[in-house]
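First residue of the sequence shown: 1, per UniProt numbering; consecutive thereafter.
Structure, as structure tokens:
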Amino acid sequence: MAAAYDLQPSNSQTVGAVAQQPPNQDAVLWARLNELLQRSEDDKVDIVRLESQAQGLDAGDNERPRTARAHTGQARDRTDGTTAGAISGGGLLNFKKSWLYANSRLPPGMLPFKAYLSTWALISRAAKASLDVYERPGRMQMDGYFNADPRNDTKAHSFRVQEVDDRKLLVCAIRGSTFNLFDWKRNFGFAPKEPTGFLDDEGNGCHEGYLRIARSMIKIVAKQLRQLIEQDPSWDSSYLLFTGHSAGGAVASLLYMHMLSKTISSDLTELAGLFKRIHCITFGVPPLTLLPLQTPSGKGRNKNIFLSFASEGDLIVRVDWEYIKSLAKLIAAPAPRLEQSGGRQQGCRQKKTQDQTAPHPPKWPVPPSSLSTAGRLVLLREAPILNPSSKQTGNQRPKLEAVQLTDDQLRGTIFGDPAMHPMTLYKRRIDELMIAAVTGAEVG
């Protein structure tokens, strides 16, 4: 049982103006939303209480959000935004509604993400470790697994030794958030704080909650690494991989950047030279720092991999308090009206073409983001259908693709679908893309 934490801001100094702490109902809304994120996609969820929280949320203006109008129809497996979404006995909370806006998707024709097969294999190992760390092993299988310690601000994590060709790979996976006050008190620490003594760029403010956890985990991670190295001196020619999903990926990114720091000295940075390569691969990570974190340049570091995968529609990769308020307002508002191209008179006088009758969804106004995502961004998505008139057969799956993404592109999106966040989805997509990379076949 986690200790009882309040949601009051700390007295520590922060970069710039400290954001106003959100009311408790905001925290309850987002904590309850986490219940959805942790469930299987097939589980039935009673969301009446969550809906009431969303409808009562202050959206940042003088008007209270209006109740979402009920829609009819059955929810489809695809995230095409054409269905009602989640329905409960007491009403409707339509998380799928975000797909009805033009900026819920990135444009077609984005540059594909290409990688060597060895890199895809590493990505697949990271995805498996990030998923496995959510499952607490039995008492007889605890070797390499370490429980969370709320009193010392450390998250549950695991160390696994794997053989890759003729080298060893040590995988450090950090668990994402679960439904407890410790995890969510840290997730709510959006106000950026200076990473003094932690990162080379001390002016690059970090998410306060994740920075606090990363600082607390330096000694324990370093101790575990040192024990492994002392047991087997051959680690000097091996690889180290940090990985994690959601909040776990955020902490993994910070530990990775700290370990590669040039001007910082700690128990962890002292071990960096013992590994031939140090990598970091994360999934569904929330915004983390004022300026995007990238692998430090320098001799021997250009081959270190720092990748961050985001599923199109995953609300966690966009989340901060202003975004939460904006998303709650979207959920509570009526569905947008789709504009038809071409005037009514013109449509009456001549036969309408596909371009003239195609609906144009509006854009949802997204508030400015204060924080950026870490690493080289890769977007996982169903490939856009360039020819809407071509219909897919019932057995044909949408094509899956991985494309390059920039922080600026991500900032303009409205992602709001909880179904796009589970690590099970990331794992399945990574596996399919890896198989396609090996066989040369398309995914779909």
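Just so you know, even glycine gets a beta-carbon here, dropped at the ideal spot from N, CA and C.
The model shown is predicted, which means the values in this text are computed figures rather than measured ones.
**Asked** Should the stretch 266-277 be regarded as contacting the stretch 214-221, the criterion being three or more beta carbon pairs within less than 8 Å?
**Response** yes
**Request:** Using a threshold of 9 Å, state whether the C-beta atoms of A247 and Y210 are closer than that.
**Result:** Position 247 of the sequence shown, counted from the start, is the residue given in the question as residue 247. Position 210 of the sequence shown, counted from the start, is the residue given in the question as residue 210. Yes, Cβ-Cβ distance for A247 and Y210 is below 9 Å.
**Request:** Reducing DSSP to helix, strand and coil, say where D149 ends up.
**Result:** In the sequence shown, counting from the first residue as 1, residue 149 sits at position 149. DSSP places D149 in strand when its eight states are reduced to three.
**Item:** Enclosing beta strand (DSSP E) for G244 [first to last residue]
**Value:** The count along the sequence shown starts at 1 and reaches residue 244 at position 244. Unbroken beta strand (DSSP E) run through G244: Y239 to H245.
**Request:** In angstroms with no decimal places, state the Cα-to-Cα distance between P367 and P361.
**Result:** Locating residue 367 in the sequence shown gives position 367, counting from the first residue. Locating residue 361 in the sequence shown gives position 361, counting from the first residue. Each residue's alpha carbon lies about 19 Å from the other.
**Asked** What separation, rounded to the nearest whole angstrom, lies between the Cα atoms of A437 and R151?
**Response** Indexing the sequence shown from 1 puts residue 437 at position 437. Indexing the sequence shown from 1 puts residue 151 at position 151. A437 and R151: Cα-Cα distance of roughly 44 Å.
**Straight-line gap, S369 to Q231 (C-alpha atoms, nearest Å)** = By one-based count along the sequence shown, residue 369 stands at place 369. By one-based count along the sequence shown, residue 231 stands at place 231. Between S369 and Q231, the C-alpha separation is close to 46 Å.
**Asked** By DSSP, does Y168 sit in helix, in strand, or in coil?
**Response** Here residue 168 corresponds to residue number 168 of the sequence shown, with the count starting at 1. Note that residue 168 is Lys in the sequence shown, not Tyr. K168: strand per DSSP, three-state reduction.
**Prompt:** When the Cα of W364 is compared with those of Y323, L371, I385 and E401, which residue comes out closest?
**Reply:** Locating residue 364 in the sequence shown gives position 364, where the first residue counts as 1. Nearest C-alpha to W364: Y323.
**Request:** Would you mind stating whether A374 and L293 have Cβ atoms separated by less than 9 Å?
**Result:** As a position in the sequence shown, residue 374 is number 374, starting the count at 1. As a position in the sequence shown, residue 293 is number 293, starting the count at 1. Yes, they are a contact pair.
**Message:** Here's the rule: buried if 16 or more other CB atoms are within 10 angstroms of the residue's CB, otherwise exposed. What is T263?
**Reply:** Here residue 263 is taken as the residue at index 263 of the sequence shown, counted from 1. Looking at its Cβ environment, which holds fewer than 16 other Cβ atoms inside 10 Å, T263 is exposed.
**Which of helix, strand or coil DSSP assigns to T373** = Position 373 of the sequence shown, counting from 1, holds the residue named residue 373. Coil, per DSSP.
**Item:** Boundaries of the beta strand (DSSP E) in which T282 is found, first to last residue
**Value:** As a first step, residue 282 is located in the sequence shown; it is residue number 282 there, counting from the start. T282 -> beta strand (DSSP E) spans R277 to F283.
**Prompt:** Should I331 go down as buried or exposed, given a rule of 16 or more other Cβ atoms within 10 Å for buried?
**Reply:** Taking the sequence shown and counting its residues from 1, the one referred to as residue 331 is at position 331. Flag for I331 reads buried.
**Request:** Can you tell me which of the three DSSP states A419 falls into?
**Result:** The residue you call residue 419 lines up with position 419 of the sequence shown. In this structure, A419 counts as helix in the three-state DSSP scheme.
**Request:** Count the other CB atoms, across all protein chains shown, that sit within 10 Å of the CB of L338; report buried if there are 16 or more and exposed otherwise.
**Result:** Numbered from 1 along the sequence shown, position 338 holds the residue referred to as residue 338. By the 10 Å Cβ count, L338 comes out exposed.
**Message:** Between which two residues does the beta strand (DSSP E) holding S311 run?
**Reply:** Walking along the sequence shown from the start, residue 311 turns up at place 311. Boundaries of the beta strand (DSSP E) around S311: F306 to S311.
**Request:** Rank T243, F415, G284 and W120 by C-alpha distance to the C-alpha of L106 and give the top, closest one.
**Result:** Numbered from its first residue, the sequence shown carries residue 106 at position 106. Out of T243, F415, G284 and W120, the CA that lies nearest to the CA of L106 is found in F415.
**Message:** Let me check one thing: in DSSP terms, what residues is R381 bridge-paired to?
**Reply:** In the sequence shown, residue 381 corresponds to position 381, counting from 1. E401, per the DSSP bridge assignment.
**Message:** I need the DSSP call for Q294, collapsed to helix, strand or coil.
**Reply:** Counted from its first residue, the sequence shown places residue 294 at position 294. Coil at Q294, not helix or strand.
**Request:** With a threshold of 16 other CB atoms inside 10 Å of the CB of R381, please say whether the residue is buried or exposed.
**Result:** Here residue 381 refers to the residue found at position 381 when the sequence shown is read from its first residue. Around the Cβ of R381, a 10 Å sphere holds 16 or more other Cβ atoms; the residue is buried.
**Request:** Drop a sphere of 10 angstroms on the beta-carbon of D408, count the other beta-carbons inside from all chains shown, and report buried for 16 or more, exposed for fewer.
**Result:** Mapped onto the sequence shown, residue 408 falls at position 408. Exposed.
**Asked** Start and end of the alpha helix (DSSP H) containing V366?
**Response** On the sequence shown, residue 366 is found 366 positions in, with the first residue counted as 1. Looking at the DSSP string, V366 is not in any alpha helix (DSSP H), and its letter there is neither H nor E.
**Prompt:** Any idea which residues DSSP pairs A156 with across the strands?
**Reply:** What you label residue 156 is simply residue 156 of the sequence shown in a count that begins at 1. Bridge partners of A156 according to DSSP: none are assigned.
**Prompt:** Does DSSP put T424 in a helix, a strand or coil?
**Reply:** The residue you call residue 424 lines up with position 424 of the sequence shown. Of the three classes helix, strand and coil, the one that applies to T424 here is helix, per DSSP.
**Beta-carbon contacts of D320 that lie in its chain and below 7 Å, excluding the five residues immediately before and after** = Residue 320 sits at position 320 when you count from the first residue of the sequence shown. Counting only Cβ-Cβ distances below 7 Å, and skipping sequence neighbours, we find F190, P287, S369, S370 and L371.
**Item:** Exposed unless 16 or more other CB atoms sit within 10 angstroms - verdict on R429
**Value:** The sequence position of residue 429 within the sequence shown is 429, counting from 1. That one is buried.
**Prompt:** When the Cα atoms are used, what is the spatial distance from Y145 to N103?
**Reply:** Residue mapping note: residue 145 aligns to position 145 of the sequence shown, counting from 1. Residue mapping note: residue 103 aligns to position 103 of the sequence shown, counting from 1. About 41 Å.
**Prompt:** Just checking my contact of S158 with M434 at CB under 8 Å: how many whole Å lie between their CB atoms?
**Reply:** Counting from one through the sequence shown, the residue named residue 158 turns up at place 158. Counting from one through the sequence shown, the residue named residue 434 turns up at place 434. Actually they are not in contact, since the Cβ atoms of S158 and M434 sit about 22 Å apart, beyond 8 Å.
**Message:** Quick check on this structure: which residue in R215, P192 and R212 has the alpha carbon closest to the alpha carbon of N204?
**Reply:** For the purposes of this step, residue 204 is taken as the residue at position 204 of the sequence shown. Among R215, P192 and R212, the Cα nearest to that of N204 is on P192.
**Prompt:** Secondary structure at E322, three-state DSSP: helix, strand or coil?
**Reply:** Position 322 of the sequence shown holds residue 322. Three-state DSSP puts E322 in a helix.
**Prompt:** Roughly how many angstroms separate the alpha carbons of P336 and V317, rounded to a whole number?
**Reply:** Within the sequence shown, the letter at position 336 stands for residue 336. Within the sequence shown, the letter at position 317 stands for residue 317. The C-alpha of V317 is placed about 24 Å away from the C-alpha of P336.
**Item:** Beta-carbon spacing of A310, V251 below 9 Å
**Value:** As a working note, residue 310 is residue 310 in the sequence shown. As a working note, residue 251 is residue 251 in the sequence shown. Cβ atoms of A310 and V251: not closer than 9 Å.
**Asked** Between the Cα of S308 and the Cα atoms of P108, A383 and F113, which residue gives the shortest distance?
**Response** Locating residue 308 in the sequence shown gives position 308, counting from the first residue. Ranking P108, A383 and F113 by Cα distance to S308 puts F113 first.
**Request:** To the nearest angstrom, report how far apart D314 and E401 are at their CA atoms.
**Result:** In the sequence shown, residue 314 corresponds to position 314, counting from 1. In the sequence shown, residue 401 corresponds to position 401, counting from 1. Computed Cα separation, rounded: 15 Å.
**K193, DSSP secondary structure in three states** = By 1-based counting over the sequence shown, the position of residue 193 is 193. Strand.
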